[in-house]
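S.K.: This is the structure I have questions about; it appears just below.
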Amino acid sequence: MSIDVVVTGMGAISPLGTNLTQLWAALQTGRSGISYLTRFDPEPFPTKVAAQIDPWPQVPAELELPQFGQLALVAMQEALTMAGLSSADLTKGAFLLATSRGGLVEWEQFTWAWLRGEPSPVSNPWRWYQPQFTAVKLAQLAGVQGPVKTYMAACASGTLTIGEAYWLIKSGQIPVVIIGGAEAPLVPSLLAGTCAARAMSSRPCPPSEACCPFDARRDGYVMGEGAAFLVLEAAEHARARGARPLALLRGFGQTCDAYHLTAPRPDGSALARAISLALQEGGITPAELGYINAHGTSTPLNDKIETLALKQALGSAAYKTPVSSSKSMTGHLLGAAGAVEAVITILALRQQWLPPTINLKEPDPDCDLDYIPNVGRKAELEFALSLSAGFGGHNGVVLFEKTV
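Just so you know, we're using full-length UniProt numbering here: the sequence shown kicks off at 1 and counts up by one.
Below, the structure is given as structure tokens:
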């Protein structure tokens, strides 16, 4: 018997707010969460902006969680509260955590202290740095006694982890999966590396305008910090405990470009195939798709090739399907991006409203789809996609269906 997978809880902390309500309010007004970088002095770097969380959440020090784990805890608690799971439900559940950097802040603090011969500001840096220890700690706090795993697949980590949870539930082995993505990447070493790779925006403009997906002026992404969690359940399990689903996870597709460590495959074929796989798994046609939350990083290559992939996968329906990049407001949350954007996609389905792509003022001729420029709009939605395309060629796509 086929097992349907539903979403029964969500939580998020991002540069747009410390909970779902604040996140959605910011999206509706088209507010950017990008500002001048204050985590450290950005003067030596060509990039001076970032998408930062302010205020930082208050998490008990005795939990000994790294910064990305602190963000994960806040989002997880909101999702679990919404889901209303019992301790018995959580005991038989699984916990999957996505990140691309883990405890990078603490590792950098330790490294500089060691090089200077100073006392380390963190105890046992290996425990703080390696994400599996944070996953185990969070699962312990939630009371999960099923599988606990971490996933690192660059900027597609969050989306691919949702897909892993989907398959795990469909296998019939696990009825509940807590899945989250979390990232706290704002440290000098990572900024230096991404600037050297010419992946970051450095154009002179107000911080709120630095991220402009699909715009001809785009010159790179804006790095950000944040976390989001979703509670996925077998539909029958949710029904038996009286939970009201937020959405149905209808399909999942994943591929790899097998092309380059940082550049996407030029013809977009692998990403297009991931989109097609998700639609096939969900049993819908491209014409039935009502909205796409794009990867939309604001890099010259990604946005052009992503547009090409959408045309390949959707055919003529690509020109009739609204697409937007919430990264224009949240910045790029790296390993957490897919989880945050899945939450945004579900909110769009539930509210029947499409978030905009802000800062889209000079359209690129190579990016000629409906990107919902600058102002969101109402819509009648049944199905929506969220897609991610990470460094290394990781492609992940999740398809959601509206529930009553």
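Ideal placement from N, C-alpha and C gives every residue a C-beta, glycine not left out.
Please determine, among His332, Asp303 and Ile179, the residue with the shortest C-alpha to C-alpha distance to valine 136.
M.R.: The candidate whose alpha carbon is nearest that of valine 136 is Ile179.
S.K.: Counting along the chain, where does the beta strand (DSSP E) carrying cysteine 256 start and finish?
M.R.: Counting along the chain, the beta strand (DSSP E) containing cysteine 256 begins and ends at 247-256.
S.K.: With a CB to CB cut of under 8 Å and the five nearest residues on each side skipped, what residues in its chain are close to proline 131?
M.R.: Around proline 131: Phe68, Leu97, Thr99, Gly102, Gly103, Thr150 and Met152.
S.K.: Give every residue of the same chain whose Cβ lies closer than 8 Å to the Cβ of residue 406, excluding the five residues on either side of it in the sequence, and list them in chain order.
M.R.: What is shown of the chain runs 1 to 404, which leaves residue 406 out entirely.
S.K.: If we ignore side chains and look at the alpha-carbon of each, how far apart do alanine 238 and valine 6 end up?
M.R.: Going by the C-alpha atoms only, they are around 8 Å apart.
S.K.: How long is the line joining the alpha carbons of proline 266 and leucine 310, rounded to whole angstroms?
M.R.: Rounded to the nearest angstrom, the two C-alpha atoms are 13 Å apart.
S.K.: Verify whether the separation of the beta carbon atoms of glycine 335 and glycine 226 is less than 8 Å.
M.R.: Contact flag unset, no.
S.K.: Give me the Cα-Cα distance between proline 44 and alanine 210, rounded to the nearest whole angstrom.
M.R.: Each residue's Cα considered, the two are about 18 Å apart.
S.K.: Which residues share a DSSP beta bridge with alanine 197?
M.R.: Per DSSP, none; premise fails for alanine 197.
S.K.: Taking the Cβ atom as the reference point for each residue, do glycine 9 and leucine 80 lie within a distance shorter than 8 Å?
M.R.: For glycine 9 and leucine 80, yes; Cβs fall inside 8 Å.
S.K.: Could you name the residues of the same chain whose beta carbon sits closer than 8 Å to that of glutamine 22, not counting the 5 residues immediately before and after it, in chain order?
M.R.: Leu16, listed in sequence order.
S.K.: Near tyrosine 36, which residues of its chain fall below 7 Å by C-beta distance, leaving aside the five closest residues on each side in sequence?
M.R.: Lys48, Val49 and Pro207.
S.K.: Compute the beta-carbon to beta-carbon distance between glycine 11 and alanine 228, rounded to the nearest angstrom, for a pair I have assumed lies under 8 Å.
M.R.: Contact holds; Cβ gap of about 7 Å.
S.K.: DSSP three-state call for lysine 361: helix, strand or coil?
M.R.: Looking at lysine 361 - three-state DSSP - the assignment turns out to be coil, as it is neither helix nor strand.
S.K.: Just to confirm, are leucine 381 and tyrosine 291 a CB contact at a threshold of 8 Å?
M.R.: Yes, Cβ-Cβ distance for leucine 381 and tyrosine 291 is below 8 Å.
S.K.: For glutamine 352 and leucine 279, what's the separation of their Cα atoms in angstroms?
M.R.: Cα to Cα, glutamine 352 sits roughly 20 Å from leucine 279.
S.K.: So, helix, strand or coil for arginine 377, using DSSP?
M.R.: Three-state DSSP puts arginine 377 in a strand.
S.K.: Leaving out the 5 sequence neighbours to the left and right, which residues in its chain are closer than 8 Å to serine 123 when beta-carbon positions are compared?
M.R.: Only Glu64 meet the Cβ criterion.
S.K.: Just curious, the alpha helix (DSSP H) that threonine 91 is in, first and last residue?
M.R.: Start and end: 87-91.
S.K.: Name the DSSP beta bridge partners of aspartate 215, please?
M.R.: According to DSSP, aspartate 215 bridges with Pro363.
S.K.: Tell me the DSSP secondary structure of threonine 159 in three-state form.
M.R.: Three-state DSSP puts threonine 159 in a helix.
S.K.: Mind reading off the beta-carbon distance from residue 488 to alanine 348? Whole number of angstroms is fine, and I expect it under 8 Å.
M.R.: Only positions 1 to 404 of the chain appear in this structure, which leaves residue 488 out of reach.
S.K.: Give the single residue among Val222, Leu248, Pro204 and Arg218 whose Cα lies nearest to the Cα of leucine 232.
M.R.: The shortest C-alpha separation from leucine 232 is found at Leu248.
S.K.: Quick check: what's the CA-CA separation for leucine 289 versus serine 325?
M.R.: The alpha-carbon atoms of leucine 289 and serine 325 are separated by roughly 16 Å.
S.K.: Please list, in chain order, all residues of the same chain as histidine 295 whose beta carbon is under 7 Å from its beta carbon, the five residues on each side excluded.
M.R.: Contacts found: Asn302, Glu306, Leu387, Ser388 and Ala389.
S.K.: What do you reckon, are the CB atoms on glycine 331 and glycine 224 nearer than 8 Å?
M.R.: Yes, Cβ-Cβ distance for glycine 331 and glycine 224 is below 8 Å.
S.K.: Looking at the structure shown, is glutamate 401 part of a helix, part of a strand, or coil, going by DSSP?
M.R.: Three-state DSSP puts glutamate 401 in a strand.
S.K.: Just list the residues that DSSP pairs serine 324 with in beta bridges.
M.R.: Answer is Asn293.
S.K.: Which word fits tryptophan 114, buried or exposed, when buried means at least 16 other C-beta atoms lie within 10 angstroms of its C-beta?
M.R.: Result: exposed.
S.K.: Between the C-alpha atoms of threonine 255 and glutamine 77, what's the straight-line distance to the nearest angstrom?
M.R.: Looking at the two C-alpha atoms, the distance is approximately 32 Å.
S.K.: CB isoleucine 344 to CB asparagine 293, shorter than 8 Å?
M.R.: The answer is yes: Cβ separation under 8 Å.
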